[in-house]
Amino acid sequence: MLPDIERLLELQIADQEIRLLHDEIAALPKRVAVIEQKLAGTKTQLEKARAAAKADEANRKKFEAAILDLQGKISKYRDQSLDVKTNEQYRALLSEIQFAEQEIRINEDRILEVMVNAEGREKQVKAAEAELKAETAEIEEEKEDARRVTAEDREKLGGWNVKRDSLRREISEDVLRRYDRVLKFRGSGLAEVRDQKCMGCQVMLRPQIYNEVRGEQLIYCDSCQRILYFDPANEPKPQPVAEPVQVKRRPRPKPDAAQAWFYRPDYGEFGEVLLVFTNGEGTASRCVYDMHSGRQVGDVLNREGNYRQAFPEDLTDTAIRLNGYWEEKEMVEWAAEIPSNTLDVLHLDLRAAQRERKRSHKERSSAPAEHSAANG
Ligand SMILES: [Zn+2]
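Residues in the sequence shown are numbered from 2 upward in steps of one, following my numbering.
Here it is, written out as structure tokens:
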């Protein structure tokens with residue numbers, strides 16, 4: 002690795018640490034501010050609860066004063082009743098007394114209500130006071146914590162800054178300029194190259210650029226401008242060669258089948274064809290299809306005997322027997338064209354048969370075979 006790259010990698014770590022420390026130092030007062038806000042909310046709640054208790058107390062005093070006032074009125078009315086001359090005057094005084102007594106009862110109810118409320122109010126005040134106390138303690142702790150962590154961070158920051166400055170002195174100026182500029186815009190100035198890709202922007206490198214990076218040249222990514230480096234430790238390991246897949250043995254067509262499919266690569270004017278022979282009672286029929294389109298070519302031919310006896314001229318050395326059997330009814334439905342999925346099945350079997358032939362030829366040419374494979 003180039004010395005400048007090695008120093009840049011260290012510089013990158015220093016820059017990251019410095020950024021993290023700055024972030025942490027900036028975050029601490031924010032955390033304290035959040036708790037302070039909560040504290041202010043609790044203080045407001047406490048003030049409200051205290052004000053409500055005070056208002057209740059004032060009301061209670063007001064109601065008590067009203068009762069005293071009404072009691073005074075009643076005794077005055079009683080005194081006056083001694084001097085009345087008429088029944089009317091007497092009834093009027095009595096009604097005044099009754100009204101005052103009723104007012105006294107209303108005020109007594111109000112006082113009772115205030116007293117019942119007071120218990121709830123007292124609880125509210127006590128709860129708010131306890132919360133305020135806890136939060137005050139918490140904020141003191143948090144502030145102390147923040148002070149301590151900030152001091153530690155500043156010390157670490159000092160160390161990293163010294164390291165950063167000494168690293169920068171050892172890196173060439175134009176490389177540093179490039180690093181600083183890309184760092185400012187992209188958050189990092191360096192990018193590793195892996196699998197021919199810039200890990201900074203995930204863009205594939207041109208083969209020439211990739212070779213230059215691997216060849217220890219100072220190269221910049223064309224797309225993100227980061228300084229590229231290659232770490233041989235992260236070089237992709239060659240994949241172990243996969244075991245050859247075991248080819249499933251192709252089933253061998255039955256020699257005495259009632260229906261027999263063949264492939265012929267050289268069927269006169271038709272070229273590559275598929276032939277199907279069907280053995281009936283004492284007769285055999287032959288139908289020929291174009292190998293690629295699946296379309297029937299020529300007419301269906303019937304002859305006496307089984308197909309081997311009836312059509313010996315078709316069963317040349319180049320004919321390859323294929324697997325396949327379709328019901329007569331189904332084949333009638335095809336009309337004059339093999340359906341494409343059926344054609345695919347036949348093509349697949351043909352390829353398997355051809356591979357098999359090639360293999361057995363090879364075996365035969367390398368070692369004398371004990372007996373040649375019977376061709377159905
Ligand atoms: Zn890039």
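Note that the Cβ used here is the ideal one computed from N, Cα and C, for glycine as well.
According to the Cβ coordinates, are residue i and residue j closer than 8 angstroms?
| i | j | result |
| --- | --- | --- |
| Phe1 | Ala285 | One cannot answer for residue 1 here, as it falls past the ends of the chain, which runs 2 to 377. |
| Asn108 | Ala67 | yes |
| Arg169 | Leu12 | yes |
| Leu184 | Asp5 | no |
| Ile339 | Tyr268 | no |
| Gln260 | Thr279 | yes |
| Glu102 | Tyr78 | no |
| Glu136 | Thr43 | yes |
| Leu275 | Leu349 | no |
| Arg207 | Ala354 | no |
| Leu396 | Lys157 | This structure cannot settle anything about residue 396, because the visible part of the chain is limited to 2 through 377. |
| Tyr326 | Ala234 | no |
| Arg265 | Ala337 | no |
| Ile14 | Asp154 | no |
Identify the continuous beta strand (DSSP E) that holds residue i and give its terminal residues.
| i | result |
| --- | --- |
| Arg179 | First-last for Arg179: 174-187, but that is the alpha helix (DSSP H), not the beta strand (DSSP E). |
| Gln260 | 260-265 |
| Asp291 | 284-291 |
| Glu193 | 191-195 |
| Glu328 | That residue, Glu328, is in no beta strand (DSSP E); it is neither H nor E in DSSP. |
| Thr279 | 274-280 |
| Arg304 | 297-305 |
| Leu219 | Per DSSP, Leu219 belongs to no beta strand (DSSP E) and is neither H nor E. |
| Tyr230 | 228-230 |
How many whole angstroms separate the CB atoms of residue i and residue j, which I take to be in contact at a CB cut-off of 8 angstroms?
| i | j | result |
| --- | --- | --- |
| Ser341 | Gly272 | About 19 angstroms separates the two Cβ atoms, so there is no contact after all. |
| Tyr308 | Arg287 | 7 angstroms |
| Ile36 | Trp161 | That belief does not hold up - the Cβ atoms of Ile36 and Trp161 are roughly 29 angstroms apart, past 8 angstroms. |
| Gln197 | Met205 | 6 angstroms |
| Ser82 | Leu94 | 5 angstroms |
| Ala147 | Leu29 | 4 angstroms |
Note the first and the last residue of the continuous alpha helix (DSSP H) segment covering residue i.
| i | result |
| --- | --- |
| Ala129 | 88-170 |
| Tyr308 | 308-311 |
| Asn60 | 4-82 |
| Thr343 | 341-367 |
| Val214 | 208-215 |
Is the CB of residue i under 8 angstroms away from at least one CB in chain D?
| i | result |
| --- | --- |
| Ile321 | Reference to chain D is not applicable here, since this structure consists of a single protein chain. |
With three or more beta-carbon pairs closer than 8 angstroms as the criterion, would you say the stretch 114-131 touches the stretch 40-56? yes
Check whether the stretch 188-198 touches the stretch 228-239, taking contact to mean three or more Cβ pairs, one atom from each stretch, closer than 8 angstroms. Taking 8 angstroms as the limit for Cβ pairs, the verdict is that the stretch 228-239 does touch the stretch 188-198.
Could you tell me whether the stretch 93-113 touches the stretch 58-73, where touching means 3 or more Cβ pairs closer than 8 angstroms? yes
Name all residues in chain order for which at least one heavy atom of ligand 1 lies closer than 7 angstroms to the residue's CB. Going by the Cβ distance cut-off, the answer is Ala192, Cys199, Gly201, Cys202, Val204, Cys222, Ser224, Cys225, Arg227.
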